[in-house]
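S.K.: Encoded as structure tokens, here's the structure I'll be asking about.
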Amino acid sequence: MKTKEQRYNELYSSGLVDSVKKLFSNRNDISEDYYVLMADYIDSINEVKDQMLINPTEIAKRMPKLVKSINETHLGGIYGITDDNRIQMEQSLSYEDKKLYFFHELTHALQTSHENGIEQCGFYNGHDGMFLTEGATQYTAEMLYSVSNGVDMQHRQQPRTVRGASDRTPNSPLSEYQYNGDILELMAKSMDLPLPQILSLAYKKDGRETLKELYESMDGNQGKFDVLMNNLEQIYSIDNLLIRGYGQQLQSQTPLNITMQDRTTRFQGNLNIYRELMNKTERGLVATYLENHDTQYILQNYAEIASLLTTPELRNNFLTAVNELSQELYRGNREQTQISPPVEIPKGYLINEFGEIIRPAKDERQPQVKKQKEETKPSRSQTMLQHSENKLSIKQRIAQFLQKNNLFMNMSFVEKFVHKQLELLPESTQNIREVAVDSNKNKETKTINKTREDFINQLTNFGAYRNLPPIQRKSDSQRLEEMRRRREEHTQENDDLER
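Here the working numbering is used: the first residue of the sequence shown is 25, the next is one more, and so on.
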């Protein structure tokens, strides 16, 4: 822990003390110690600005306007008080106590504003909210105090610190307002928000409204923020009566008429109502936590919630609820593992009423059979080749047979016969090619026998005769005479062969 001298040297050497004096125009009604403490406050906020999402420079600039005076006097057991932005501190305090409680009163002053003639401070709107405001103020002061001294805040069980409720034991790092801070932490965890960010809302004019929106955005909390704040304000008002010595009257079974901090709102209360309001508040925040977090998260983090509940009964009830969630999760996982995986059957197969897997119906197998037939269907070129062979005449088949026998081919008249027959209609085993034909701009593929194409080209003089008018094609006497002569020769040869 840093000593007073160490901290003073840090602040003076940084120039921060002189900067604060300049902001206050070196007013003589503020002592040197309080200039140093204000510089210490700003420097500590700067250390946690990322956690609080707050701008320490803006807070420093607001100081001269929000802190009208700082005086020390005898307050009769009160450590400090802030009224109309005027801070009064107990003059008998040690340096460390003065530092802590001045941080508390300075936080009050910096969070105070006036709207329509009504003083508002932190989460207090002129009607209710002092319970949370005092908790947030003390938490902020002790957090900055720890940062200034270079130590960590330590949670600890603090029995007999809740006036009028000795059965409650807050688990808090605070030295004052332990129960307020405990509820503030429980509220932050129920909403899954970092506590420093909630503390920073108290510095903003719309901080209460922002907190309300956050709280009521949680499942099950719609329209419940004002009810929560009213219940907390009743707890705060009864606690104030206990501080002022009204404990005996509050033990009566007959509720007393009590006036809230706003000096207007009244309610009836006693210690029984006081304790029941505490139970109701803690149960409500636990319900928010359970309803807005999944089971796995709760099972991993339930201990921190249980530690913030202030009575054994509340803790046991919460742990029972957590145990039920654990059992439900276990049963769900067990049922899921016991469910056998579904049997996957081949596509198209069925399961009958006896649980037997049966083959696809006939109409379901037809597509597969059709597909197999399509796969085994011969190609167009193979079909044309087979078709050409089937159309050969008897003489042409004889010529093919003789061509394969060397003994017969040695005979001149046989060779001549074979040659004539194969020239007339070449073998169907010649090369086959496919050409693309464009008919009315629609492309299709046409298969053509290469040898047959050559034969036709030769016969038609490569298309020259096709291009002639029909009358000219028929009147070509020379070509007709040649064809007649070749036909007679061919006929004579066939007759010779037959003989």
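Glycine included, C-beta positions come from ideal geometry on N, C-alpha and C.
Quick caveat: nothing in here was measured; it's all calculated off a predicted structure.
Once DSSP output is grouped into helix, strand and coil, what is the label at D107?
M.R.: The count along the sequence shown starts at 1 and reaches residue 107 at position 83. It is a strand residue.
S.K.: Please specify which runs of the beta strand (DSSP E), each continuous and at least 3 residues long, are wholly inside the stretch 48-87, giving them in chain order.
M.R.: Segments of the beta strand (DSSP E) lying fully in the stretch 48-87: there are none.
S.K.: For the alpha helix (DSSP H) containing R232, name the first residue and the last one.
M.R.: For this step, residue 232 is matched to residue 208 along the sequence shown. Unbroken alpha helix (DSSP H) run through R232: 231-240.
S.K.: In chain order, what residues of the same chain lie with their CB nearer than 6 Å to the CB of Y169, ignoring the 5 residues before and after it?
M.R.: Counting from one through the sequence shown, the residue named residue 169 turns up at place 145. Correct list, in chain order: L124, F127.
S.K.: Mapping DSSP to helix, strand and coil, what is T161?
M.R.: Start at 1 with the first residue of the sequence shown, and residue 161 comes out as number 137. If DSSP states are grouped into helix, strand and coil, T161 belongs with the helices.
S.K.: How long is the line joining the alpha carbons of L47 and L90, rounded to whole angstroms?
M.R.: Sequence index remark: in the sequence shown, residue 47 carries index 23 (1-based). Sequence index remark: in the sequence shown, residue 90 carries index 66 (1-based). Going from the Cα of L47 to the Cα of L90 covers about 12 Å.
S.K.: Using the C-alpha atoms, what's the distance from S199 back to V186?
M.R.: Residue 186 sits at position 162 when you count from the first residue of the sequence shown. Residue 199 sits at position 175 when you count from the first residue of the sequence shown. Cα to Cα, V186 sits roughly 12 Å from S199.
S.K.: Quick check: the stretch 325-340 against the stretch 276-288, are there 3 or more CB pairs under 8 Å?
M.R.: Touching, no.
S.K.: In the DSSP assignment, what are the bridge partners of H138?
M.R.: Counting from one through the sequence shown, the residue named residue 138 turns up at place 114. In DSSP, H138 forms a bridge with E143.
S.K.: Going by Cα to Cα distance, which pick from I78, G188, S214, M253 is closest to L223?
M.R.: In the sequence shown, counting from the first residue as 1, residue 223 sits at position 199. The option with the nearest alpha carbon to L223 is I78.
S.K.: Taking a contact to mean a Cβ-Cβ separation below 8 Å, would you say N316 touches D243 in this structure?
M.R.: Stepping through the sequence shown from its first residue, residue 316 is reached at position 292. Stepping through the sequence shown from its first residue, residue 243 is reached at position 219. Yes, these two residues count as a Cβ contact at 8 Å.
S.K.: Apart from the five residues just before and just after R110, which ones in its own chain have a Cβ nearer than 7 Å to its Cβ?
M.R.: Position 86 of the sequence shown, counted from the start, is the residue given in the question as residue 110. Excluding sequence neighbours, R110 sits near K92, S93.
S.K.: Give every residue of the same chain whose Cβ lies closer than 7 Å to the Cβ of G174, excluding the five residues on either side of it in the sequence, and list them in chain order.
M.R.: Residue numbering aside, residue 174 sits at position 150 when the sequence shown is read from its first letter. Once the five neighbours on either side are set aside, the close Cβ partners of G174 are M25, K26.
S.K.: With three or more C-beta pairs closer than 8 Å as the rule, is the stretch 417-428 touching the stretch 436-446?
M.R.: Yes: the two stretches touch, three or more of their Cβ pairs being nearer than 8 Å.
S.K.: For Q112 versus L130, is the C-beta distance shorter than 8 Å?
M.R.: Taking the first residue of the sequence shown as 1, we reach residue 112 at position 88. Taking the first residue of the sequence shown as 1, we reach residue 130 at position 106. Not in contact: Q112 and L130 (Cβ atoms no closer than 8 Å).
S.K.: Alpha carbon to alpha carbon, how far is V461 from K428?
M.R.: Position 437 of the sequence shown holds residue 461. Position 404 of the sequence shown holds residue 428. Residue confidence for V461 is low, a pLDDT of 49 falling below 50, so the modelled location carries little weight; the figure read from the coordinates is stated next. Going by the C-alpha atoms only, they are around 37 Å apart.
S.K.: Which of helix, strand or coil does DSSP assign to S43?
M.R.: Counted from its first residue, the sequence shown places residue 43 at position 19. Three-state result, S43: helix.
S.K.: Roughly how many whole angstroms lie between the Cα atoms of L338 and D286?
M.R.: Mapped onto the sequence shown, residue 338 falls at position 314. Mapped onto the sequence shown, residue 286 falls at position 262. Roughly 31 Å separates the two Cα atoms.
S.K.: Kindly list the residues whose CB is nearer than 6 Å to the CB of Y260, restricted to its own chain and excluding five residues on each side of it in sequence; keep chain order.
M.R.: What you label residue 260 is simply residue 236 of the sequence shown in a count that begins at 1. Cβ within range, chain order: M154, F155.
S.K.: Classify P194 as buried or exposed, calling it buried when 16 or more other Cβ atoms lie within 10 Å of its own Cβ.
M.R.: Against the sequence shown, residue 194 aligns to sequence position 170. Burial call: buried.
S.K.: Is it buried or exposed for T283, if we count other Cβ within 10 angstroms and need 16 for buried?
M.R.: Here residue 283 corresponds to residue number 259 of the sequence shown, with the count starting at 1. Answer is exposed; the Cβ neighbour count stays below 16.
S.K.: Roughly how many whole angstroms lie between the Cα atoms of K229 and G150?
M.R.: Along the sequence shown, read from residue 1 onward, the residue named residue 229 stands at position 205. Along the sequence shown, read from residue 1 onward, the residue named residue 150 stands at position 126. Using only the alpha carbons, I get a separation of about 13 Å.
S.K.: Please confirm whether T289 and L256 have their CB atoms less than 8 Å apart.
M.R.: Reading the sequence shown from its first residue, position 265 is the one you call residue 289. Reading the sequence shown from its first residue, position 232 is the one you call residue 256. Taking 8 Å as the Cβ cut-off, T289 and L256 do not qualify as a contacting pair.
S.K.: So for N95, helix, strand or coil by DSSP?
M.R.: Counting from one through the sequence shown, the residue named residue 95 turns up at place 71. Three-state result, N95: strand.
S.K.: Tell me which residues share the same chain as E34 and place their Cβ nearer than 7 Å to its Cβ, disregarding the 5 neighbours each side in the sequence.
M.R.: Residue numbering aside, residue 34 sits at position 10 when the sequence shown is read from its first letter. Correct list: empty, nothing qualifies.
S.K.: Along the alpha helix (DSSP H) that carries I329, what are the first and last residues, could you check?
M.R.: Here residue 329 corresponds to residue number 305 of the sequence shown, with the count starting at 1. Segment 319-330, the alpha helix (DSSP H) holding I329.
S.K.: Identify whether M253 lies in helix, strand or coil by the three-state DSSP scheme.
M.R.: By 1-based counting over the sequence shown, the position of residue 253 is 229. Of the three classes helix, strand and coil, the one that applies to M253 here is helix, per DSSP.
S.K.: Output the boundary residues of the alpha helix (DSSP H) element that contains Q424.
M.R.: In the sequence shown, residue 424 corresponds to position 400, counting from 1. It spans 418-427 - the alpha helix (DSSP H) in which Q424 sits, taken as one unbroken run.
S.K.: What are the boundary residues of the alpha helix (DSSP H) that L301 is part of?
M.R.: Numbered from 1 along the sequence shown, position 277 holds the residue referred to as residue 301. Start and end: 295-315.
S.K.: Quick check on I495: buried or exposed, where buried means 16 or more other Cβ atoms within 10 Å of its Cβ?
M.R.: In the sequence shown, residue 495 corresponds to position 471, counting from 1. Caution applies to I495, whose pLDDT of 48 falls short of 50 and renders its modelled position unreliable; the model cannot decide the point.
S.K.: I'd like the span of the alpha helix (DSSP H) that includes L210, first residue to last.
M.R.: As a first step, residue 210 is located in the sequence shown; it is residue number 186 there, counting from the start. Segment 202-214, the alpha helix (DSSP H) holding L210.
S.K.: By alpha-carbon positions, which one of Y59, L219, I322 ends up nearest to Q162?
M.R.: Here residue 162 corresponds to residue number 138 of the sequence shown, with the count starting at 1. The candidate whose alpha carbon is nearest that of Q162 is L219.
S.K.: Determine which residues share a DSSP beta bridge with N195 and list them.
M.R.: In the sequence shown, counting from the first residue as 1, residue 195 sits at position 171. The partner list for N195 (beta bridge, DSSP) reads Q181.
S.K.: Identify, in the order they occur along the chain, each residue of the same chain with its Cβ nearer than 7 Å to the Cβ of Y119, setting aside the five sequence neighbours on each side.
M.R.: Indexing the sequence shown from 1 puts residue 119 at position 95. Same-chain partners within the cutoff: K28.
S.K.: DSSP three-state label for I267, please.
M.R.: Counting from one through the sequence shown, the residue named residue 267 turns up at place 243. Helix.
S.K.: Excluding the five sequence neighbours on either side, which residues of its own chain have a C-beta within less than 7 Å of the C-beta of T157, listed in chain order?
M.R.: Taking the first residue of the sequence shown as 1, we reach residue 157 at position 133. Excluding residues within five positions, the ones whose Cβ falls inside 7 Å are C145, G146, F147, Y148, A226.
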